[in-house]
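Numbering (this note's numbering), first residue to last: 37 to 513.
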């Protein structure tokens, strides 16, 4: 890597000192004054006043020029950052010299690192490198087609048959989705519908549809004039179940593009029974790089990447698989690490807060399922942690630019360890993973968020309206 001043090239590692324009100028000015002192001493005494005046004028011009045109430290961002998500981390050197400036109380200080990134790189550079994404995602009407995601502007408003839709939520024992999180009254501006989602039977006496949440399935045999049957299932097996609609339900809601209403895991923590944890920890551990939490110990496809990484890279493993904390130690560790949430935290809050204390989190989804990008990956983004991802082959269709490490492109532990070590030592390269958030360049994640839980009420009511609700004229099933 070459880091250069406009006046002279500098190569190799730089010392971990402050490289501000002011400090650079002080060094140059000090050297120049020393040179002037020796020059004046060598001049004949009668001519010294003239020489002194000339040097004073020259110094004044130099000061003015330095203020008006400060020394500018430039980084060749394309060469320096490379493609971190593909394992191509670019050049080495400059950012390592800044590592000491991010250390506080033995931990990595996120705010200090963010300031360094803004100072030496900045959003203008990041946006320029991702200009093609910014131009393509200016408006939902101009979004490029995505083979993994539905068009959020569908169904067409011309297909709406009801201006008001009522959805009755059937009580369920689901532990993964709290249907009460979407209960309420909505105005849906895209097609100017009003929408009511309720658990109250009196309010739903003439409901246009009933919503059943897995594992409770809709009963067969819907009659003409009965409410439409909606089934929501966000489990891994929903792909096969959701594709088989014959004689079971009218509207299938799940994570795949083939669903009647596709629902991504964006904002999924909003719909969990215990709510979400918003905070991001201000400092991260330096000695243990990776956080891993896995409870499905029966599926080798989910277990293998984690056990392999944990065997070669410093990892704190929670959950049921490969846990290197016993239950009592885990509780003590959590209470010390996340004191503000310890009193009321449930599983989701614990995972969020613990992840936020690490630089990296190992996230494993089923690699056999196209489009299954789970809540774990998106929750890692919310926690301010860099995901190391093994899972859906089409994950790049879901994620912000430069926001994660694709573990498949670093197939051996040695390659992954080398990449993590480089990011660990270079705060500029590490903070580049969060530039999408700082600079507002969402890329494909804008599409994912448009199909997330916050938009579910209106999109569900639009699907019911386009089918005519309980007045949908069809034969008995």
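A virtual CB, placed ideally from N, CA and C, is assigned to each residue, including glycine. In this text, all values refer to a predicted model and were calculated from it rather than measured experimentally.
Taking residue i as part of the beta strand (DSSP E), name the residues at either end of that continuous run.
i: residue 290; result: 287-290
i: residue 220; result: 220-224
i: residue 397; result: 396-400
i: residue 329; result: 326-330
In three-state DSSP terms, what is residue i?
i: residue 179; result: coil
i: residue 204; result: strand
i: residue 232; result: strand
i: residue 470; result: helix
i: residue 352; result: strand
i: residue 440; result: coil
i: residue 171; result: helix
i: residue 387; result: helix
i: residue 256; result: coil
i: residue 448; result: coil
i: residue 523; result: A query on residue 523 cannot be resolved here, the shown segment of the chain reaching from 37 to 513 and no further.
i: residue 457; result: helix
i: residue 423; result: strand
i: residue 135; result: helix
Evaluate residue i with the Cβ neighbour count: other Cβ atoms within 10 Å of its Cβ, from every protein chain shown; 16 or more gives buried, anything less gives exposed.
i: residue 177; result: exposed
i: residue 155; result: exposed
i: residue 197; result: exposed
i: residue 334; result: exposed
i: residue 433; result: buried
i: residue 488; result: buried
i: residue 468; result: buried
i: residue 183; result: exposed
i: residue 450; result: exposed
i: residue 228; result: exposed
i: residue 294; result: exposed
i: residue 352; result: buried
i: residue 493; result: buried
i: residue 483; result: buried
i: residue 248; result: buried
i: residue 426; result: buried
i: residue 331; result: exposed
i: residue 171; result: exposed
i: residue 502; result: buried
i: residue 505; result: buried
Could you tell me which residues DSSP pairs with residue i in its beta bridges?
i: residue 411; result: According to DSSP, which records beta bridges pairwise, residue 411 is partnered with nothing at all.
i: residue 217; result: Paired residue(s): none; residue 217 is not in a bridge.
i: residue 316; result: None, per the DSSP bridge assignment.
i: residue 294; result: DSSP output for residue 294 lists no bridge partner at all.
i: residue 265; result: 246
Can you name the start and end residues of the alpha helix (DSSP H) that residue i belongs to?
i: residue 485; result: 481-486
i: residue 492; result: 492-502
i: residue 148; result: 146-156
i: residue 245; result: No alpha helix (DSSP H) contains residue 245, which is instead part of the beta strand (DSSP E) from 245-249.
i: residue 162; result: 159-165
Taking the Cβ atom as the reference point for each residue, do residue i and residue j lie within a distance shorter than 8 Å?
i: residue 289; j: residue 398; result: no
i: residue 287; j: residue 477; result: no
i: residue 423; j: residue 479; result: no
i: residue 304; j: residue 263; result: no
i: residue 153; j: residue 461; result: no
i: residue 323; j: residue 350; result: yes
Return yes when the C-beta of residue i is under 7 Å from any heavy atom of the ligand ATP, and no when it is not.
i: residue 158; result: As far as ligands go, the structure on display features none, and thus does not contain the ligand ATP.
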